[in-house]
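For reference, the structure discussed in these notes is given below.
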Ligand code: GLC
Ligand code: CA
């Protein structure tokens, strides 16, 4: 059944709230997506990962689901959704939905039932425990929520606590209960019957908790991880859902795999494992973000070592390639000088630096036009993570506010969630009404319309690059060799299949760099295929002078460039 179509896919991630608003209420919606399907087709992507559109009270913008089988009315109806997927399929674009099943919303019917009494049939769908201490007024263990504070909430009705690794409106499901696993399989099959091509499984590495829920090693921010990240039954549970649902259709299942490093990836994504097809790893994100929170300076050799690790996985493992998504800051700001003089070259160089690798590349909405982080005042942040951090610090450690502001300016999830910049006009072509979140004031320069009309834009570069990757066997199947791994400015690797191959050289620094490439077999005489500046020599010699943020691809083993 499995054609593994995703090996030839380029994904585009849509965060529906911020993509396109069709009815002027300031919130992106499904009809908005429908109106942009031709845009996606023209960009050349052939798959979409759609962040959640299910019914949700939006405590975490849809990552708290109250009905897995229906659409949030803010986004439209199931009929709109059906029109959307039909429109995608007509254009050769597959649809991968978000599957958020580590937890539900506290407004899900299962949880309403579960909290109502200790003998309710749904009680065991969630993780309930008595508290510690006199009168059970202390939480059952010391685990913390990923959104700050304790991971337990006391519930008056039955006098017990429930576990929530995210907000208290996101109670964790009890995966040790076979009924819960059956529900998850049923949800998947429901959407497969409606034509969905796969799932991106939200925080899937958290689903199995250690027996007895023991205390974690002391850690004020992230406590308990060692007892639920890749927990004791994770493989068993994934195999079960795979058997009951994922393997029954021609799907792609990619897991958001927090804590999964390239050394343990084969256990999760090896094709013989029948678990996940691929993993969205955080290993790269953790290079310049300690505990997923504190920004630290990018160490390029470390960054390259992580990429090289994932590129060196066994043949039967498949990587997910990405720099951005709805939880990460904008890559142009993160890895470079952001809204600076070389934004155009930087955006293109970054694209080359991951598109030429083995795996499935993902482009997050706005990345293709080089959208940047936004400067926000304290009260302009809307995401639960930033607002919780600010509230907590203002209340308990006010002197730390400048540090919190500095960290959020670099890392808040809000940066990725500002509305898509379609046009230079009020509302950015995103909405005719008042946008749910502030639009980046740089929309005058950075918007789709402007980029479309400029042949040298980042957008047109992405189009070229996506086209170039399509059906390219060297990029899909070729070997990977890294060069100059300790070089602090340049990422250089060779992809090769038979006698043909590509040399990719990317300068991550905003300054000129000279690199002697005569140690790379095939380098001398290789022909230029693509570059982030238009000034590079058509034929590679023994050394190369790279301009600031210059990225280039040279091809060897053929007569002329690009043939
Ligand atoms: C994932 C999502 C994130 C969400 C969290 C809880 O990390 O990507 O947006 O807040 O899971 O569902
Ligand atoms: Ca709307």
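In the numbering used here, the protein residues as written are 153 to 715.
Even glycine gets a Cβ: it sits at the ideal position worked out from N, Cα and C.
Residue i to residue j span [Cα, whole Å]
| i | j | result |
| --- | --- | --- |
| residue 198 | residue 523 | 22 Å |
| residue 714 | residue 501 | Annotation note: pLDDT 44 at residue 714 (below 50); position unreliable, coordinate value reported separately. When rounded, the distance between both Cα atoms is 18 Å. |
| residue 364 | residue 308 | 23 Å |
| residue 539 | residue 533 | 6 Å |
| residue 160 | residue 243 | 16 Å |
| residue 487 | residue 279 | 40 Å |
| residue 687 | residue 382 | 48 Å |
| residue 386 | residue 394 | 12 Å |
| residue 359 | residue 380 | 7 Å |
| residue 621 | residue 647 | 13 Å |
| residue 528 | residue 568 | 13 Å |
| residue 590 | residue 322 | 26 Å |
| residue 518 | residue 327 | 36 Å |
| residue 247 | residue 285 | 49 Å |
| residue 580 | residue 572 | 7 Å |
| residue 635 | residue 306 | 55 Å |
| residue 701 | residue 664 | 8 Å |
| residue 671 | residue 586 | 57 Å |
| residue 659 | residue 704 | 9 Å |
| residue 216 | residue 613 | 36 Å |
| residue 421 | residue 355 | 15 Å |
Own chain residues within Cβ distance below 8 Å of residue i, not counting five before or after
| i | result |
| --- | --- |
| residue 552 | 545 |
| residue 652 | 626, 707, 708, 709 and 710 |
| residue 441 | 447, 448 and 563 |
| residue 411 | 357, 377, 381, 382 and 434 |
| residue 454 | 439 |
Buried versus exposed, by CB contacts within 10 Å (16 or more), residue i
| i | result |
| --- | --- |
| residue 516 | buried |
| residue 480 | buried |
| residue 165 | buried |
| residue 271 | exposed |
| residue 684 | buried |
| residue 338 | exposed |
| residue 260 | buried |
| residue 224 | buried |
| residue 513 | buried |
| residue 200 | buried |
| residue 415 | exposed |
| residue 537 | buried |
| residue 682 | buried |
| residue 267 | buried |
| residue 476 | buried |
Among the options, the one whose alpha carbon lies nearest that of residue i
| i | options | result |
| --- | --- | --- |
| residue 192 | 568, 216 and 520 | 520 |
| residue 511 | 673, 518 and 625 | 625 |
| residue 471 | 408, 220 and 233 | 408 |
| residue 458 | 697, 341 and 638 | 638 |
| residue 375 | 294, 654 and 432 | 294 |
| residue 439 | 615, 673, 490 and 451 | 451 |
| residue 344 | 496, 405, 304 and 296 | 405 |
| residue 503 | 550, 615 and 560 | 615 |
| residue 598 | 484, 251 and 699 | 484 |
| residue 392 | 492, 461, 334 and 156 | 334 |
7 Å Cβ shell around residue i - same chain, five flanking residues per side excluded
| i | result |
| --- | --- |
| residue 754 | Any property of residue 754 remains undetermined from this structure, which presents the chain solely from 153 to 715. |
| residue 588 | 169, 178 and 179 |
| residue 227 | 168, 181, 182 and 205 |
Residues near residue i in its chain [Cβ-Cβ closer than 6 Å; skip 5 each side]
| i | result |
| --- | --- |
| residue 390 | 427 |
| residue 214 | 204 and 208 |
| residue 596 | 576 |
| residue 180 | 168, 169, 170, 171, 172 and 173 |
| residue 692 | 675, 678 and 706 |
| residue 644 | 635, 636 and 657 |
| residue 565 | 479, 535 and 537 |
Integer-rounded CB distance, given that residue j should sit under 8 Å from residue i
| i | j | result |
| --- | --- | --- |
| residue 666 | residue 694 | With 8 Å as the limit, residue 666 and residue 694 do not qualify as a contact, their Cβ atoms being about 11 Å apart. |
| residue 290 | residue 301 | The pair is not a contact, with the Cβ atoms about 14 Å apart (cut-off 8 Å). |
| residue 432 | residue 474 | 7 Å |
| residue 717 | residue 249 | A query on residue 717 cannot be resolved here, the shown segment of the chain reaching from 153 to 715 and no further. |
Proximity test, Cβ basis, 8 Å: residue i and chain D
| i | result |
| --- | --- |
| residue 529 | Reference to chain D is not applicable here, since this structure consists of a single protein chain. |
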